[in-house]
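Protein chains: 2
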Amino acid sequence: MKNSNPTLKSIALKLGVSVTTVSRALNGKSNRYRISKETELKILKAAKELAYSPNQLARGLRLKRTNTIGYIIPDISNPFFASIAKSVEKSARKFGYSIILCDSEESTDIEKESLQLMLNRKVDGLIISPVGLEVSHLVAVSQKNIPIVLLDRYFPNLNLPFVTSDNYQGALEAVNLLIENGHTRIACIQGLKNTSPNNDRVRGYKDAHLNKQLTIDESLIVGDSFGEDNGYIETKLLLRKNPLPTAIFSVSNLISLGAIRAISEEGLKIPEDISMISFDDQPYSRFLSTPMTTVSQQSTQIGQIATKLLLDQIESKRSHDPQGIFLPTKIILRDSIKRNINLKLKSIG
Amino acid sequence: MKNSNPTLKSIALKLGVSVTTVSRALNGKSNRYRISKETELKILKAAKELAYSPNQLARGLRLKRTNTIGYIIPDISNPFFASIAKSVEKSARKFGYSIILCDSEESTDIEKESLQLMLNRKVDGLIISPVGLEVSHLVAVSQKNIPIVLLDRYFPNLNLPFVTSDNYQGALEAVNLLIENGHTRIACIQGLKNTSPNNDRVRGYKDAHLNKQLTIDESLIVGDSFGEDNGYIETKLLLRKNPLPTAIFSVSNLISLGAIRAISEEGLKIPEDISMISFDDQPYSRFLSTPMTTVSQQSTQIGQIATKLLLDQIESKRSHDPQGIFLPTKIILRDSIKRNINLKLKSIG
DNA sequence: ATGAAAGCGCTAACAG
DNA sequence: CTGTTAGCGCTTTCAT
Chain A
64 MKNSNPTLKS
74 IALKLGVSVT
84 TVSRALNGKS
94 NRYRISKETE
104 LKILKAAKEL
114 AYSPNQLARG
124 LRLKRTNTIG
134 YIIPDISNPF
144 FASIAKSVEK
154 SARKFGYSII
164 LCDSEESTDI
174 EKESLQLMLN
184 RKVDGLIISP
194 VGLEVSHLVA
204 VSQKNIPIVL
214 LDRYFPNLNL
224 PFVTSDNYQG
234 ALEAVNLLIE
244 NGHTRIACIQ
254 GLKNTSPNND
264 RVRGYKDAHL
274 NKQLTIDESL
284 IVGDSFGEDN
294 GYIETKLLLR
304 KNPLPTAIFS
314 VSNLISLGAI
324 RAISEEGLKI
334 PEDISMISFD
344 DQPYSRFLST
354 PMTTVSQQST
364 QIGQIATKLL
374 LDQIESKRSH
384 DPQGIFLPTK
394 IILRDSIKRN
404 INLKLKSIG
Chain B
64 MKNSNPTLKS
74 IALKLGVSVT
84 TVSRALNGKS
94 NRYRISKETE
104 LKILKAAKEL
114 AYSPNQLARG
124 LRLKRTNTIG
134 YIIPDISNPF
144 FASIAKSVEK
154 SARKFGYSII
164 LCDSEESTDI
174 EKESLQLMLN
184 RKVDGLIISP
194 VGLEVSHLVA
204 VSQKNIPIVL
214 LDRYFPNLNL
224 PFVTSDNYQG
234 ALEAVNLLIE
244 NGHTRIACIQ
254 GLKNTSPNND
264 RVRGYKDAHL
274 NKQLTIDESL
284 IVGDSFGEDN
294 GYIETKLLLR
304 KNPLPTAIFS
314 VSNLISLGAI
324 RAISEEGLKI
334 PEDISMISFD
344 DQPYSRFLST
354 PMTTVSQQST
364 QIGQIATKLL
374 LDQIESKRSH
384 DPQGIFLPTK
394 IILRDSIKRN
404 INLKLKSIG
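Chains A and B, in that order, are what the protein sequence lines are.
Counting in my numbering, the first sequence tops out at residue 412, every number present.
Counting in my numbering, the second sequence tops out at residue 412, every number present.
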């Protein structure tokens with residue numbers, strides 16, 4: 064059975080040269096090692112005929128470099144993460160790297176497990192949007208000098224490079240917009256607690272209030288996940304409050320979908336009965352029954368920069384000063400915010 | 064520097080046993096090889112202390128099995144594919160396999176390149192939603208006895224297993240629905256030509272007409288990609304036709320978004336001015352300004368079945384009879400179809 | 001009950 | 001200009 068894949072050895076045997084020479088010729092090192100034109104050509108020719116292509120397992124084992132990066136995200140079906148994934152994969156491919164993908168489903172256990180799996184597969188580096196509640200495994204990786212870049216979520220007091228949106232500023236502007244439109248009872252439906260995007264957005268929400276001397280009603284800050292169900296459930300409950308909030312600041316696109324569902328079930332209209340602004344712009348946002356005013360993130364750029372940052376670390380062995388990068392967000396004005404007539408602002412900055 | 068990762072050798076050295084023994088103990092073969100309880104325990108203990116975990120590169124090289132599968136899709140940011148990706152990854156993980164992901168961007172070149180990359184990395188099998196215009200590379204893989212499963216797109220006269228929706232039937236029902244509502248000038252905005260989902264949907268569109276003795280106006284079958292731009296451009300053009308089509312059958316969710324954009328730009332309303340039905344149900348479909356009537360696919364199941372099919376092939380070496388699996392679609396009735404008053408049907412079945 | 005040795009396919013140090 | 005040798009970390013014959 065010569066039916067198995069061609070190897071350096073099989074080529075060498077066939078041509079009566081050594082494996083080394085074949086390896087050198089095929090790696091474009093003919094000049095450096097002064098391989099005769101003749102030998103080189105016959106090797107290249109044979110390789111082509113046999114459709115030789117190198118076994119990356121063997122190569123990786125020998126070189127301790129696999130041109131593979133591990134990528135862990137909490138939910139690939141969330142369009143925000145999907146579009147980041149697209150740009151990560153594309154950038155990585157451009158530089159000759161492949162992606163091993165894991166969806167952690169917002170579970171720290173799966174995240175840890177996947178991380179270990181990737182290490183065993185000797186990825187050259189990791190891009191990860193951590194679930195965000197535990198960090199020990201990430202620190203451990205970093206201490207092993209395996210390059211790692213956090214994406215979307217970071218840890219303020221941890222020395223790991225990250226790329227994320229300026230969630231604080233984005234939330235601040237979003238809530239400011241509501242306040243400027245006369246809203247003072249603004250609900251905030253938050254995502255997974257103790258993740259940086261959530262923390263920063265909630266902080267922005269609060270500071271927007273404080274800046275305008277508005278008191279913060281903690282009972283209006285609700286929810287605990289980035290998913291649609293959370294948006295639905297919390298909105299159902301919010302709409303039973305008395306007095307009703309006049310506006311909702313929703314911390315993710317999926318939460319908003321759930322909120323919209325609840326609002327429409329209750330027979331209410333956006334923005335007539337309740338105003339809304341949502342994080343994450345999506346292609347469909349403008350076509351919703353009420354076109355949604357959103358805080359748009361630069362997802363493509365986030366993916367590109369994270370990949371760049373990682374590959375820099377991988378290819379220049381020296382570990383850079385870990386840097387954190389915040390990308391600006393942009394408010395996209397549509398029709399989901401109504402001016403609130405019951406203006407009761409104590410003061411308008 | 065004993066700082067590097069622990070290996071079988073380092074454990075063996077430390078304990079004064081052989082690598083073989085360590086390997087056996089850690090692979091749960093202590094009984095089979097009658098390793099003494101004492102030795103076994105001290106090996107397990109040491110492995111735990113050192114946080115040993117096996118180098119999968121080395122293992123894969125030796126075993127010719129990597130527990131990795133390659134997954135190639137044309138657009139991970141398309142929510143249809145994203146949700147399939149989620150289920151593929153999840154199923155694979157459940158059975159101990161990791162995913163190498165590539166986005167071919169609907170380019171046959173990238174697809175081929177990625178395929179080769181994956182083969183070099185010795186994946187145990189491949190799941191691929193081929194761009195669909197060329198098959199030679201897929202056939203070649205299959206002939207090397209590397210398990211492969213096509214997902215979403217298949218080739219009717221090619222002997223490769225596949226999983227897809229019953230696109231023909233789905234389209235037939237969709238267009239029937241339009242016809243039953245009195246529409247006879249129905250535009251079809253199609254996706255990438257010569258891909259099976261597109262072909263089958265267009266075939267369904269045509270047969271629905273033929274079944275009701277309606278003539279097919281080829282000039283109403285337009286478009287050439289599954290993306291949003293295509294939907295936008297083709298709808299812009301369609302709306303300049305005279306007489307206007309009274310309904311649109313859109314072959315993908317992204318096409319529909321583009322179509323909606325064009326329709327709203329032209330100051331028209333769905334369904335008052337033009338009716339619409341779209342392939343692919345999405346979480347947001349019901350919240351569009353006109354809740355969209357859609358043909359829903361079982362994306363999660365498609366992913367699960369494809370993975371199952373592949374793993375079956377991988378784990379029982381024998382190559383099964385390649386089978387094609389069609390999953391039923393379901394029409395989800397909403398508000399985007401209006402009864403057409405100008406009933407001019409020659410006959411109603 | 002355990003080990004020595006070979007080899008998966010590749011590259012690099014060293015030797016001519 | 002080319003080859004020999006060693007070794008990456010693992011599993012598996014074959015010995016004992």
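We put the beta carbon where it would ideally sit given N, CA and C, even for glycine.
Applying the 10 Å Cβ sphere with the 16-neighbour rule, what's the burial state of residue i?
i, result
"R87/B", "buried"
"I136/A", "buried"
"S99/A", "exposed"
"Y96/B", "exposed"
"I74/A", "buried"
"Q360/B", "buried"
"A114/B", "exposed"
"G79/A", "exposed"
"T247/B", "buried"
"L76/A", "exposed"
"D292/A", "exposed"
"G294/B", "buried"
"G123/B", "buried"
"Q376/A", "buried"
"S410/B", "Legend: pLDDT at S410/B = 45, less than 50; position of this residue unreliable, value from coordinates given subsequently. Exposed, since its Cβ has fewer than 16 Cβ neighbours within 10 Å."
"N403/B", "buried"
"S67/A", "exposed"
"D384/A", "exposed"
"N90/A", "exposed"
"K393/B", "exposed"
"N222/B", "exposed"
"L332/B", "For clarity, residue 332/B is Lys in the given sequence; the question names Leu instead. Exposed, because fewer than 16 other Cβ atoms sit within 10 Å of the Cβ of K332/B."
"K65/B", "Caution is warranted here: a pLDDT of 44 is assigned to K65/B, below 50, making its placement in the model unreliable, and no coordinate value can be reported."
"E103/A", "buried"
Measuring alpha carbon to alpha carbon, tell me which residue in the options is nearest residue i.
i, options, result
"H200/A", "N220/A, K185/A, T171/A, A325/A", "T171/A"
"L182/A", "K371/A, N239/A, K207/A, F312/A", "K207/A"
"S177/B", "E152/B, D229/B, S154/B, V204/B", "V204/B"
"K127/A", "K185/A, I173/A, G290/A", "K185/A"
"L372/A", "G188/A, V85/A, S93/A", "G188/A"
"A155/B", "L374/B, L396/B, P385/B, L302/B", "L374/B"
"L180/B", "E168/A, G366/A, N130/A", "N130/A"
"D166/A", "Q386/A, K175/A, R324/A", "K175/A"
"R397/A", "F350/A, I365/A, I388/A", "F350/A"
"L301/B", "L317/B, L104/B, N316/B, D280/B", "D280/B"
"E236/B", "I318/B, E169/B, D263/B", "D263/B"
"G286/B", "T278/B, E103/B, E297/B", "E297/B"
"G245/A", "K401/A, L71/A, T70/A", "K401/A"
"S352/B", "S150/A, S327/A, S93/A", "S327/A"
"S338/A", "Y134/A, V212/A, T357/A, V85/A", "T357/A"
"E243/B", "Q276/B, L71/B, K157/B", "Q276/B"
"S319/A", "N261/B, E329/B, P346/B, I211/B", "P346/B"
"G366/B", "P260/B, G195/B, K153/B", "K153/B"
Going along chain B in order, which residues have a C-beta closer than 8 Å to the C-beta of residue i?
i, result
"C165/A", "E152, R156, S161, I162"
"P117/A", "N183"
"P142/A", "S140, P142, A145"
"I323/A", "F350"
Check the C-beta distance from residue i over to residue j and give it rounded, since I have them as a contact under 8 Å.
i, j, result
"L390/A", "L164/B", "That belief does not hold up - the Cβ atoms of L390/A and L164/B are roughly 24 Å apart, past 8 Å."
"S399/A", "P334/A", "5 Å"
Any heavy atom of the ligand ZN closer than 7 Å to the Cβ of residue i?
i, result
"L302/B", "Absence of the ligand ZN from the depicted structure is noted, as is the absence of any ligand whatsoever, leaving it without description."
Kindly list, in the order they appear in chain A, the residues whose Cβ is closer than 7 Å to that of residue i.
i, result
"P346/B", "E291, L320"
"L71/B", "Neighbours of L71/B on chain A: none; closest Cβ ~14 Å, over 7 Å."
"L180/B", "S161"
By the criterion of Cβ-Cβ separation under 7 Å, what are the contact partners of residue i in chain B?
i, result
"L124/A", "L120, A121, L124"
Anything in chain A within Cβ reach of residue i, meaning under 9 Å, just list it in chain order.
i, result
"A148/B", "I139, S140, A145, A148, L164, D166"
* To do: Spell out a yes or no on whether the stretch 239-253 of chain A and the stretch 301-311 of chain A are touching, meaning 3 or more CB-CB pairs, one atom from each, closer than 8 Å.
  => yes
* Asked: Quick one: any contact between the stretch 228-238 of chain A and the stretch 256-268 of chain A, if contact means 3 or more CB pairs under 8 Å?
  -> yes
* Okay, do the stretch 218-227 of chain A and the stretch 270-288 of chain A touch, 3+ Cβ pairs below 8 Å being the bar? -> Pairwise C-beta distances place the stretch 218-227 of chain A out of contact with the stretch 270-288 of chain A, as fewer than three of them are shorter than 8 Å.
* To do: State whether the stretch 134-152 of chain A contacts the stretch 137-154 of chain B, with contact taken as three or more CB pairs (one from each stretch) at a distance under 8 Å.
  => yes
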